[in-house]
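Right, one structure below, let's go through it.
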Amino acid sequence: MLGARELEISWAAGDTSEYWTWTPHADSRFPEVAQLEFVWWLDIRGKINTRLLSPKTSYAAFLVFKLAEWSQGLHVANAMIRFIDDESNKVAEERAHVVHLQIVDHIKGKIAVNRADGWMEVEMGNFYCDEGDEGEVEVRLFEISEWDKEGLIVEGLEFRPLY
């Protein structure tokens with residue numbers, strides 16, 4: 147898993163604590179998680195080098211997170227996965243799909259589920275790591291409407307082989 151500190155989170159760099167805060171969390175395996183205080187523009191990216199993955203294997207990527215009791219504006223977002231050297235960001239954005247960050251029974255698609263470790267996860271998509279693939283895979287969650295968003299607690303991105 148890539149921890150929150152290994153991700154590129156818009157508005158979380160430097161001293162911008164009015165947008166995101168870095169805080170310890172008792173349930174996390176990492177020293178800190180990222181807690182969304184307030185943004186309109188949500189954009190979280192994580193990258194993994196294919197050399198760290200097994201060749202000839204399909205993988206799924208999952209955002210691992212919690213929602214604070216006071217969260218709002220976090221019903222849906224867009225998710226995409228791309229091989230950085232093979233596809234532009236713009237092309238990948240055009241084929242992005244909607245993910246639901248809340249647990250809902252009556253909606254089809256990529257929906258958040260509870261994990262045994264107390265966190266939630268939503269599948270961001272999947273990809274195939276072929277023999278000889280070199281480079282980075284980028285996973286991105288974004289929602290850039292003018293709605294207020296707050297209360298997302300990000301532990302990280304997890305990559306799991308599909309069997």
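Numbering-wise (this note's numbering), the sequence shown opens with residue 147 and increments by one. Where is the CB? At the ideal position from N, CA and C, for every residue including glycine. Being a predicted model, the structure only gives us computed values, none of them experimental.
Per DSSP, residue i is paired with what?
i    : result
W166 : L182
S204 : Y274
M147 : DSSP output for M147 lists no bridge partner at all.
R175 : Answer by DSSP bridge pairing: none, since R175 is not bridged.
V285 : G192, I227
H221 : Beta-bridge pairing links H221 to no other residue.
I299 : Q181, K212
What whole-angstrom Cβ distance do residue i and residue j have, given they're in contact under 8 Å?
i    : j    : result
V268 : K256 : 6 Å
R191 : E284 : 6 Å
N224 : V244 : 6 Å
A207 : M270 : 5 Å
Leaving out five residues before and five after residue i in sequence, what residues of the same chain have Cβ atoms less than 7 Å from its Cβ?
i    : result
A180 : A150, I155, A158, W166, W168, V300
Hey, is residue i's beta-carbon within less than 7 Å of any beta-carbon in chain B?
i    : result
H221 : No chain B appears in this structure, which consists of one protein chain only.
To which residues of the same chain is residue i closer than 6 Å at the C-beta, ignoring the five residues directly before and after it?
i    : result
M226 : A238, A242, R286
D189 : S156, F288
G302 : M147, L148, G149, A150, V210
K193 : E282, E284
Find the nearest neighbour of residue i within the set the options, judged by alpha-carbon distance.
i    : options                : result
S291 : H221, G278, V259       : H221
Q218 : A207, F208, V210, L182 : L182
D279 : I230, E215, D294, K254 : I230
L164 : C275, R306, F184       : Here the sequence assigns Glu to residue 164, which means Leu is not the residue at that position. When only C-alpha atoms are compared, the closest one is F184.
W293 : R306, W187, P307, E152 : W187
K212 : I194, W265, S234       : W265
D276 : H171, D263, K202, D251 : K202
A172 : D232, E233, D263       : D263
L128 : D251, Y205, D232, R261 : The chain is shown from 147 up to 309; residue 128 falls before or after that span and cannot be answered.
R228 : L153, G281, E152, P170 : G281
S174 : S200, N235, R261       : R261
E178 : E240, E152, V259       : E152
Given residue i, which residues of its chain have a CB within under 8 Å of its CB, disregarding the five upstream and five downstream residues?
i    : result
W216 : E296, G297
Should residue i be listed as close to the ligand SAM, given that the test is whether its C-beta is under 6 Å from any heavy atom?
i    : result
I155 : No copy of the ligand SAM occurs in the structure displayed, which carries no ligand at all.
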